[in-house]
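These notes are about the structure you will find just below.
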Amino acid sequence: MQSLRGIVMAASWNFMRVVHYSKTVLSQEVQIGRITSLGHAWSSTITSSFAAKTPTSNTVELLGKAYSRDDYSNVTEKILSKVGKNLHNQRSHPLWLIKERIKNHFYKQYIGRFGTPLFSVYEDLSPVVTVEQNFDRLLIPQDHPSRRKGENYYMNQTHMLRAHTSAHQWDLMHSGLDAFLVVGDVYRRDTIDSSHYPIFHQMEGVRLFSNHELFSNIKDGESLQLFEQGHRTAHKQEMHTMEAVRLVEFNLKQVLTKLVTHLFGDGLEIRWVDCYFPFTHPSFEMEINFQGEWMEVLGCGVMEQQLVNSAGAEEKIGWAFGLGLERLAMILYDIPDIRLFWSEDERFLKQFSVPHIDQKVHFQPLSKYPPLINDISFWLPSEKYSENDFYDLVRTIGGDLVEKVVLIDEFSHPKTKKVSHCYRITYRHLERTLTQGEVHHLHRAIEESAVQELGVEGRF
């Protein structure tokens, strides 16, 4: 079994996290623009022609809409071909199974005033959002590294494939909703290995409280208030009263503790780690002790009041959380390779066709075919080289046949100061054995495209 600490599938918000803990608890650094999920069914043959790195027309067409290309456009044909697959909505898929278990839990646990579920669920929202929705409305600073072109898939300067389901928070609050879950596919440029892929799936949860809702069951609650004119501390925002923050934080942690207990079972050991997100304060990560190892499973916190106010809910205070469905599925079902989520192999999918969503499933691994490993070395161009550009190029050409890409050597020439990178590429088909000829064909195409697309100087 793969080490659980190798499953670096960040929950929704680590993408935005500044590496700053008030408690140094984690022994590994998990950054959320860092996850993955696969794209097409495994091909039984190797294609002899390779798609262009990016669309070549002046517009990018997606889901019935056209977006004008500009200098920011960097979404590839390979990524565009996977938009709309919606694995989380495909019945009996492991991601659907996780989503349905969480939905069912919230529906049963939290009932509104008229006997209907308190939380609304949105699982079909378009993955194309504005840059304002993805960043600005969430109070993410203009110079935050999560905005970089090298980290995201931009349709153009104003539109992008969402990097997190948090992109829908503001709009749903603005529509008047106080409690909702959002589920969807999200897109980030990243490294290539068994736990990272440019498409993955997240769930976002938000709950807002009025003064009455928060304090009605508290003794002498009628005298308590949500807001004050105070100072920001490590434990509260400047406009929140300590009483309000403590109750919101208690409710948030209680809700999430019940959720992971529902998913993993009773007796689960849980701990909370203080952290930082631009859109919540205070902020926390939940860790669970699973099979003897502490695992971070989600991020959460008290919502920044500035965000809540701008959405038109000035008289309310709330919490939010974000989690990754692949992360939970890989842990719960012991799935070793994130590419499997996109496989149409019946040997994989039939294992999750169960009569009841809460039935326990333990994935039985498919036969593991041998890998073929090739290295590629080149001198970097003088400027504008991004490792994620190279990873995207490898994904575009090699697709799901590439299991892992690792930078194994970096050399700076003492005289010319030119920098050389050497990457090790592991090729492995999940359904059959690759031949040396097939891999040589792919590897040669990657070498040629790296020179043409990235401007590198080959050392082949």
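Counting from 1, position 319 in the sequence shown corresponds to residue 1246 in this note's numbering; the numbering is continuous, with no gaps. All residues carry an ideal CB built from backbone N, CA and C; glycine is no exception.
Pairwise C-alpha distance: residue j and residue i
i, j, result
"I1262", "L1255", "10 Å"
"H1015", "K1146", "43 Å"
"E1375", "L1381", "10 Å"
"Y1114", "Y1080", "7 Å"
"L1334", "I1197", "35 Å"
"P1054", "T1092", "9 Å"
"I1126", "P1341", "40 Å"
"N1301", "I1324", "15 Å"
"S995", "L1320", "22 Å"
"L1108", "Y1124", "23 Å"
"M928", "H1289", "Caution applies to M928, whose pLDDT of 42 falls short of 50 and renders its modelled position unreliable; the value that the coordinates give is listed next. Taking the straight line joining both Cα atoms gives about 12 Å."
"F1387", "S1122", "29 Å"
"F1338", "Y1049", "49 Å"
"Q1069", "P1205", "12 Å"
"H1370", "D1336", "18 Å"
"E897", "F1279", "No statement about residue 897 is possible, as the shown extent of the chain runs from 928 to 1387 and does not include it."
"S877", "L989", "Look at the range of the chain in this structure, 928 to 1387, and you will see that residue 877 is not part of it."
"Q955", "L1141", "Here Q955 scores only 30 on pLDDT, less than 50, and its place in the model should not be relied on; the value that follows carries that caveat. Going from the Cα of Q955 to the Cα of L1141 covers about 36 Å."
"N1236", "K1012", "35 Å"
"E1330", "G1039", "46 Å"
"R1322", "Q1286", "35 Å"
"D1272", "H1283", "22 Å"
"K1076", "V1366", "30 Å"
"D889", "R1116", "Not covered by the structure: residue 889. The range shown for the chain is 928 to 1387."
"L1328", "Y1312", "24 Å"
"M1087", "S1150", "46 Å"
"S1309", "G1111", "38 Å"
"G1385", "P1292", "38 Å"
"D1193", "F1248", "22 Å"
"G1400", "S1143", "Any question about residue 1400 goes unanswered here, given that the chain covers just 928 to 1387."
"G1139", "L1234", "Note on residue identity: the sequence assigns His, not Gly, to residue 1139. Cα to Cα, the separation comes out at about 21 Å."
"K1277", "Q1156", "57 Å"
"F1154", "Q1017", "44 Å"
"Y1203", "P1209", "8 Å"
"L1250", "E1223", "10 Å"
"G1219", "L1259", "14 Å"
"G1148", "R1274", "57 Å"
"R1404", "A1106", "Residue 1404 lies beyond the stretch modelled for the chain, which goes from 928 to 1387, so this question has no answer here."
"E1131", "I1373", "37 Å"
"F1217", "L1190", "12 Å"
"E1078", "P1072", "8 Å"
"G1364", "V1281", "41 Å"
Integer-rounded CB distance, given that residue j should sit under 8 Å from residue i
i, j, result
"F1136", "V1175", "7 Å"
"G1239", "T1207", "About 19 Å; that fails the 8 Å criterion."
"V1383", "L1307", "6 Å"
"L1024", "Y1037", "The pair is not a contact, with the Cβ atoms about 21 Å apart (cut-off 8 Å)."
"Q1164", "E1231", "7 Å"
"V1133", "G1245", "6 Å"
"F1268", "L1007", "So it is not a contact: roughly 19 Å between Cβ atoms."
"L1252", "K1035", "With 8 Å as the limit, L1252 and K1035 do not qualify as a contact, their Cβ atoms being about 20 Å apart."
"L1179", "T1188", "That pair is no contact at about 15 Å."
"G1326", "K1005", "7 Å"
"S1304", "H1368", "19 Å between Cβ atoms; not a contact."
Residue span of the alpha helix (DSSP H) that contains residue i, given as start and end
i, result
"R1355", "It is not in any alpha helix (DSSP H) - R1355 carries neither H nor E in the DSSP assignment."
"K1026", "1021 to 1036"
"N1370", "Going by the sequence as given, residue 1370 is His instead of Asn. Here the alpha helix (DSSP H) through H1370 covers 1363 to 1381."
"I1006", "1004 to 1007"
"A1247", "Run containing A1247: none in the alpha helix (DSSP H); it sits in the beta strand (DSSP E), 1244 to 1251."
"L1276", "1273 to 1276"
Continuous beta strand (DSSP E) stretch holding residue i: start and end
i, result
"K1331", "1329 to 1339"
"S1309", "From DSSP, S1309 is part of no beta strand (DSSP E); its letter is neither H nor E."
"E1131", "1126 to 1136"
"V1200", "1196 to 1204"
"N1216", "1207 to 1217"
"S1047", "1047 to 1049"
"S1237", "No beta strand (DSSP E) contains S1237, which is instead part of the alpha helix (DSSP H) from 1232 to 1237."
"A993", "992 to 995"
"E988", "986 to 989"
*Counting only runs of 3+ residues fully inside the stretch 1053 to 1083, write out the beta strand (DSSP E) ranges in chain order.*
1055 to 1057
*Would you check if the stretch 1354 to 1362 and the stretch 1283 to 1296 touch, i.e. whether three or more CB-CB distances between them fall below 8 Å?*
yes
*Counting only runs that start and end within the stretch 1079 to 1120, where is the alpha helix (DSSP H) found for 4 or more residues in a row?*
1096 to 1101
*Every unbroken alpha helix (DSSP H) within the stretch 1165 to 1196, with a cutoff of 4 residues, ordered by chain*: 1169 to 1191
*Between the stretch 1159 to 1171 and the stretch 1262 to 1272, are three or more C-beta pairs nearer than 8 Å?*
no
*Do the stretch 1031 to 1042 and the stretch 1063 to 1073 meet, that is, are 3 or more Cβ pairs less than 8 Å apart?*
no
*Please determine if the stretch 1081 to 1089 and the stretch 996 to 1006 are in contact, where contact requires at least 3 C-beta pairs separated by less than 8 Å.*
yes
*Could you say if the stretch 1212 to 1221 and the stretch 1182 to 1193 meet the contact criterion of at least three C-beta pairs nearer than 8 Å?*
yes
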